[in-house]
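Student: Sending over a structure as structure tokens; questions will come in a sec.
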Amino acid sequence: MAKRLVLACMDRRLNSYLDENYNDGNTLFLRNAGANAHCLLQSISEAVSNEIVDSIVILGHTDCGAMKVVFDALANNNMSYSADITNKVIHPFYDYDYLKDAGAKLNGLGASERKEAEAEIRRDLEIKNVEMQLSFLKELTKSFPNINITGSIIDLSKINVPKDNPQHKYSVIFTRECLSKFSDMCNLAHTNPFDTYILMASTIKEALVDLEVAVGLFHIRDIKFVVPEKSMSELISSDLDWIKNAANGFLKDAHISVEHA
Ligand SMILES: [Zn+2]
């Protein structure tokens, strides 16, 4: 049976919504910071050519942390982001001159006006992100013209999201693309779905920049490699070996563990 591929942001607030509205047992997920197809070339190509994927859905969302990074870099001209984050998360937006122009306009505004204007620019950026990912994906999959590609934005103000709790300790899960429910994955990892960012890619290499966003920018220290299906065991172990050998600087304060089904 043909499968649907959903590319969604790693944001913890989407987990229950995705389980309820998209996780029907016949949907493969890929997730990273900002639903960024540019970083998932290998994962998407593999899913499209190995699986019978008849549709792809891109899901951006409001109040997206990844879009805040893009906004900060281009509108506020903040150059302090690492090379990987700059190249993979920010670079796809370099041609959006309006962000630089918007940044210049914000300078003259008072605090509350500025806050409102910034929010409007970020909403615009969230829409542009989904449009950009859509055209990129159409180009990437042009030898599979029967795949239906659509995109939409999840409005967090309209879905059931518990209030942020500063006492909570957040985690990030990495796993391969699979059909498991996010609630089951979190159960396996002994985390609360609302406190858990979820990264899904065909290799950890493709999700490394997103792990850097989670650890380096969002200050999450608890990283779990989750093996929800036995068949994944070896694949995930090789990801784990790779990341331990790669010993990326941003991982030095993180605690990495593995959870098996
Ligand atoms: Zn997001």
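To convert, take the position in the sequence shown, counting from 1, and add 174; that gives the working numbering.
Idealized CB from N, CA, C, for every residue including glycine.
Predicted model, so just to flag it, every value in this text is computed and none were measured.
#1: Does the beta carbon of residue 413 fall short of 7 Å from some heavy atom of ligand 1?
#2: Residue 281 by DSSP, collapsed to three states: which one?
#3: According to DSSP, which residues form a beta bridge with residue 206?
#4: Look at the alpha carbon of residue 370 and the alpha carbon of residue 238, and state the distance between them as a whole number of angstroms.
#5: Alpha carbon to alpha carbon, what distance is there between residue 427 and residue 209?
#6: Buried or exposed: residue 289, going by 16 or more other Cβ atoms within 10 Å of its Cβ?
#7: Determine the DSSP secondary structure at residue 385, reduced to helix, strand or coil.
#8: In angstroms, rounded to a whole number, what distance separates the CA positions of residue 494 and residue 269?
#9: Report the option in 420, 250, 389, 335 whose CA atom is closest to the CA atom of residue 429.
#10: Measuring from each Cβ to the nearest heavy atom of ligand 1, keep the ones under 6 Å and list them in chain order.
#11: Are three or more beta carbon pairs between the segment 225-237 and the segment 328-341 nearer than 8 Å?
Tutor: Looking at the atomic coordinates:
#1: Residue mapping note: residue 413 aligns to position 239 of the sequence shown, counting from 1. Within 7 Å of the C-beta of residue 413 there is not a single heavy atom belonging to ligand 1.
#2: Start at 1 with the first residue of the sequence shown, and residue 281 comes out as number 107. In the structure shown, residue 281 adopts coil according to DSSP, grouped into three states.
#3: If you number the sequence shown from 1, residue 206 lands on position 32. Within the DSSP secondary-structure output, residue 206 pairs in a beta bridge with 183.
#4: Residue mapping note: residue 370 aligns to position 196 of the sequence shown, counting from 1. Residue mapping note: residue 238 aligns to position 64 of the sequence shown, counting from 1. The straight-line gap separating the alpha-carbon atoms of residue 370 and residue 238 is approximately 15 Å.
#5: Looking up residue 209 in the sequence shown gives position 35. Looking up residue 427 in the sequence shown gives position 253. Rounded to the nearest whole angstrom, the C-alpha separation of residue 209 and residue 427 is 26 Å.
#6: Taking the first residue of the sequence shown as position 1, residue 289 is located at position 115. In summary, residue 289 is exposed, with fewer than 16 beta-carbon neighbours lying within 10 Å of its beta-carbon over all protein chains present.
#7: Working through the sequence shown from its first residue, we reach residue 385 at position 211. Note: residue 385 maps to helix in three-state DSSP.
#8: Residue 494 is absent from the model: the chain starts at 175 and stops at 435.
#9: What you label residue 429 is simply residue 255 of the sequence shown in a count that begins at 1. The candidate whose alpha carbon is nearest that of residue 429 is 389.
#10: Contact residues of ligand 1 (beta-carbon closer than 6 Å to any heavy atom; chain order) are 183, 185, 208, 235, 238, 239, 240.
#11: At 8 Å Cβ cutoff, the stretches touch.
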